[in-house]
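A short worksheet on the structure shown next.
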Amino acid sequence: MPIDFGFTPEQEELRASVREWCQKEIAPLVDEMEAKEEFNKGLVAKFKKKFLNMWIPKEYGGTEADTVDICIVAEEVGYVCGSCLTLLEVGGLGCLPIVIGGTEEQKKRFLPPIANGEKFYGFALTDEGPGSDPANMKTRAEKKGDEYILNGMKRLISNCDISHSILTFAKTDPSKGARGISAFLIDIGTPGFVVGKRLWGWGIKVHHTNELEFHDCRVPADRLIGKENEGFVYAMKCLDRTRLVLAAGNVGIARASFDIAVKFAQERIAFGKPISENQAISFKLAEIATEIEAARLLAYKAAWLDNKKVRHTTETSMAKWYACELARKSAEAAVKILGGYGWSKDYPVMIHLHDALGFINAQGTTEIHKMIISRAIFD
614 MPIDFGFTPE
624 QEELRASVRE
634 WCQKEIAPLV
644 DEMEAKEEFN
654 KGLVAKFKKK
664 FLNMWIPKEY
674 GGTEADTVDI
684 CIVAEEVGYV
694 CGSCLTLLEV
704 GGLGCLPIVI
714 GGTEEQKKRF
724 LPPIANGEKF
734 YGFALTDEGP
744 GSDPANMKTR
754 AEKKGDEYIL
764 NGMKRLISNC
774 DISHSILTFA
784 KTDPSKGARG
794 ISAFLIDIGT
804 PGFVVGKRLW
814 GWGIKVHHTN
824 ELEFHDCRVP
834 ADRLIGKENE
844 GFVYAMKCLD
854 RTRLVLAAGN
864 VGIARASFDI
874 AVKFAQERIA
884 FGKPISENQA
894 ISFKLAEIAT
904 EIEAARLLAY
914 KAAWLDNKKV
924 RHTTETSMAK
934 WYACELARKS
944 AEAAVKILGG
954 YGWSKDYPVM
964 IHLHDALGFI
974 NAQGTTEIHK
984 MIISRAIFD
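As structure tokens, this is what we get:
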């Protein structure tokens with residue numbers, strides 16, 4: 614069977630369309646959003662309506678885009694604004710567990726408001742303390758009659774300020790470890806549910822990250838997504854796709870830093886010639902160009918495997934950690950190549966660096982992904 618590394622005409626058309634949209638709708642607002650450290654509400658409304666329907670099956674009002682198409686969107690969004698990448702990422706995290714495990718009634722009820730751009734669902738898996746160790750999750754959900762009573766705290770939860778509901782994971786059977794976790798869709802404003810303090814970060818700082826507190830929060834039983842104790846399974850299947858948003862998106866961030874560095878190196882004259890003629894500069898850019906190509910291939914191969922319904926957890930971990938570390942490396946190289954200008958707000962390379970550092974720890978740290986890969990090697 615022949616190997617084809619190209620994109621279809623439809624995919625190239627999608628890339629061109631998304632690139633144009635991002636330059637028109639996002640790029641003019643980036644400086645303002647970075648200064649205010651919050652999203653432009655009008656942009657969020659447009660973004661939800663244009664892109665979040667990609668996650669939703671057609672029978673519930675979505676466009677049901679495949680994962681390669683979603684990665685194309687992610688790469689172009691990441692190129693323009695790292696924080697805006699979280700709208701696509703968290704938008705998927707908040708609805709995919711419903712797509713994967715929700716009942717037919719839940720899908721009909723909760724998915725159309727995402728497909729039409731009306732609502733946004735957050736995603737709260739990370740617990741106070743355990744972090745990437747869900748088996749020791751402390752948040753509890755106790756069944757009482759036709760309700761569940763939730764108690765506990767979540768940390769590092771993204772985009773709570775623009776969410777209408779949060780898909781929240783809690784232990785319903787502590788004796789089963791990760792296999793005793795269930796998922797609940799909880800509306801903002803539910804009594805006993807508090808959006809707590811914001812974590813102010815250096816990177817991806819337009820998007821808000823908050824603590825969530827649950828104090829005897831009563832959740833109707835019909836807000837249990839799918840089956841009890843199946844929440845962790847839904848989450849892991851979901852992460853196999855949404856981590857690829859970060860992989861492709863960070864390829865975009867790496868490209869953005871690279872393009873700035875290339876242009877600067879061609880235009881900056883030192884010792885009578887462009888600094889691009891200095892091998893210390895040109896060789897570094899050659900290295901980054903090669904790694905961008907490698908990261909893109911990793912991301913799109915994993916997306917292609919997802920389209921083929923082939924298990925790709927290992928490939929996704931490879932793509933995610935490599936692309937995020939590359940985005941950091943590309944931005945650091947750009948900062949050095951630009952010299953004093955690299956620290957200046959006249960160029961966005963420091964924003965790209967801080968965004969990349971933030972994404973390195975999102976949806977699993979580099980070390981978590983290396984652990985996933987190493988387990989596959991030695992299984």
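The sequence shown begins at 614 in our numbering and counts up one residue at a time.
Glycine included, each C-beta is placed from N, C-alpha and C at the ideal position.
Fair warning: this is a prediction, and the values are worked out from it, not measured in the lab.
### Query
Which residues does DSSP pair with Ala936 in a beta bridge?
Position 323 of the sequence shown, counted from the start, is the residue given in the question as residue 936. Answer is none; Ala936 lacks a bridge partner.
### Uninterrupted beta strand (DSSP E) stretches inside the segment 811-895 (no shorter than 3 residues)
822-833
### Task
Give the range of the beta strand (DSSP E) segment to which Leu763 is assigned.
Position 150 of the sequence shown, counting from 1, holds the residue named residue 763. Counting along the chain, the beta strand (DSSP E) containing Leu763 begins and ends at 760-771.
### Reduced DSSP secondary structure (H/G/I, E/B, other) of Lys922
On the sequence shown, residue 922 is found 309 positions in, with the first residue counted as 1. Of the three classes helix, strand and coil, the one that applies to Lys922 here is coil, per DSSP.
### Task
Look up Thr699 in the DSSP assignment and say whether it is helix, strand or coil.
Numbered from its first residue, the sequence shown carries residue 699 at position 86. Helix, per DSSP.
### Query
beta strand (DSSP E) containing Asp800: first to last residue?
As a working mapping, residue 800 is identified with position 187 in the sequence shown. Residues 794-800.
### Chain-order list of residues whose beta-carbon lies under 7 Å from that of Gly790 (same chain, five-residue window excluded)
The count along the sequence shown starts at 1 and reaches residue 790 at position 177. Cβ within range, chain order: Ala748.
### Which residues DSSP lists as bridging Asp740, in chain order
Sequence index remark: in the sequence shown, residue 740 carries index 127 (1-based). In DSSP, Asp740 forms a bridge with Gly744, Lys767.
### Unbroken alpha helix (DSSP H) run spanning Ile964, endpoints
Position 351 of the sequence shown, counting from 1, holds the residue named residue 964. Run containing Ile964: 962-973, per the alpha helix (DSSP H) assignment.
### Task
Could you please give the first and the last residue of the uninterrupted alpha helix (DSSP H) stretch that includes Thr781?
Stepping through the sequence shown from its first residue, residue 781 is reached at position 168. It is not in any alpha helix (DSSP H) - Thr781 instead sits in the beta strand (DSSP E) that spans 778-784.
### Message
Among the candidates Tyr673, Phe736, His982, whose CA atom is the shortest distance from the CA of Ile799?
### Response
To locate residue 799, count along the sequence shown from 1; it is residue 186. Comparing Cα positions, the closest option is Phe736.
### Task
On a CA-only basis, which of Phe884, Glu880, Asp835, Val864 is nearest Trp934? Give me that one, please.
Taking the sequence shown and counting its residues from 1, the one referred to as residue 934 is at position 321. Cα-wise, what sits closest to Trp934 is Val864.
### Task
Helix, strand or coil for Phe660, going by three-state DSSP, please let me know.
Residue 660 sits at position 47 when you count from the first residue of the sequence shown. Here Phe660 sits in helix by DSSP.
### Query
Distance, Cα to Cα, Gly977 vs Gly971?
By one-based count along the sequence shown, residue 977 stands at place 364. By one-based count along the sequence shown, residue 971 stands at place 358. The alpha-carbon atoms of Gly977 and Gly971 are separated by roughly 11 Å.
### Query
Expressed to the nearest angstrom, what Euclidean distance is found between the alpha-carbon atoms of Ser776 and Leu706?
In the sequence shown, counting from the first residue as 1, residue 776 sits at position 163. In the sequence shown, counting from the first residue as 1, residue 706 sits at position 93. Taking the straight line joining both Cα atoms gives about 12 Å.
### Message
Only counting the same chain, and skipping five residues up and downstream in sequence, which positions put a Cβ closer than 8 Å to that of Glu651?
### Response
In the sequence shown, counting from the first residue as 1, residue 651 sits at position 38. The residues are Asp774, Val819, His821.
### Message
Looking at the secondary structure, which residues open and close the alpha helix (DSSP H) in which Lys789 lies?
### Response
The sequence position of residue 789 within the sequence shown is 176, counting from 1. That residue, Lys789, is in no alpha helix (DSSP H); it is neither H nor E in DSSP.
### Query
Can you pull the DSSP bridge partners for Glu755?
The residue given as residue 755 occupies position 142 in the sequence shown. Glu755 is bridged to Ile762.
### Query
Looking at Cys708 and Ile683, is the spacing between their C-beta atoms short of 8 Å?
By one-based count along the sequence shown, residue 683 stands at place 70. By one-based count along the sequence shown, residue 708 stands at place 95. Cβ atoms of Ile683 and Cys708: not closer than 8 Å.
### Message
Measuring straight from C-alpha to C-alpha, what distance separates Met667 and Trp813?
### Response
Locating residue 667 in the sequence shown gives position 54, counting from the first residue. Locating residue 813 in the sequence shown gives position 200, counting from the first residue. Computed Cα separation, rounded: 30 Å.
### Message
Between the alpha carbons of Leu656 and Glu638, how many angstroms are there, rounded?
### Response
Walking along the sequence shown from the start, residue 656 turns up at place 43. Walking along the sequence shown from the start, residue 638 turns up at place 25. Each residue's alpha carbon lies about 7 Å from the other.
### Task
Give the DSSP bridge partners of Tyr997, in chain order.
Any question about residue 997 goes unanswered here, given that the chain covers just 614 to 992.
#### Entry: For Gly977, the three-state DSSP class (helix, strand or coil)
Reading the sequence shown from its first residue, position 364 is the one you call residue 977. The answer is coil: DSSP assigns Gly977 none of H, G, I, E or B.
### Ser957 classed as buried or exposed, judged by whether at least 16 other C-beta atoms fall within 10 angstroms
The count along the sequence shown starts at 1 and reaches residue 957 at position 344. So Ser957 ends up on the exposed side.
### Endpoints, the alpha helix (DSSP H) within which Asp992 is located
In the sequence shown, residue 992 corresponds to position 379, counting from 1. If you look at Asp992, you'll find it isn't in any alpha helix (DSSP H); DSSP assigns it neither H nor E.
### Phe871, buried or exposed, once every other Cβ within 10 Å from all chains shown has been counted against 16
Within the sequence shown, the letter at position 258 stands for residue 871. Phe871 comes out buried.
### Query
Beta carbon of Leu701, beta carbon of Val686: below 8 Å?
Within the sequence shown, the letter at position 88 stands for residue 701. Within the sequence shown, the letter at position 73 stands for residue 686. The answer is yes: Cβ separation under 8 Å.
### C-beta atoms of Asn842 and Gly793 nearer than 8 Å
Stepping through the sequence shown from its first residue, residue 842 is reached at position 229. Stepping through the sequence shown from its first residue, residue 793 is reached at position 180. Between Asn842 and Gly793, the C-beta spacing is below 8 Å.
### Query
On the premise that Asp959 lies in contact with Gly695, defined as a C-beta separation below 8 Å, what is that separation, rounded to the nearest angstrom?
Your numbering for residue 695 matches position 82 in the sequence shown. Your numbering for residue 959 matches position 346 in the sequence shown. Not really, about 18 Å apart at Cβ, beyond 8 Å.
### Task
Output yes or no for whether 8 Å exceeds the beta carbon distance between Lys915 and Thr929.
Taking the sequence shown and counting its residues from 1, the one referred to as residue 915 is at position 302. Taking the sequence shown and counting its residues from 1, the one referred to as residue 929 is at position 316. It is Ala, not Lys, that sits at residue 915 in the sequence shown. Yes, the pair counts as a contact, with Cβ atoms nearer than the cut-off.
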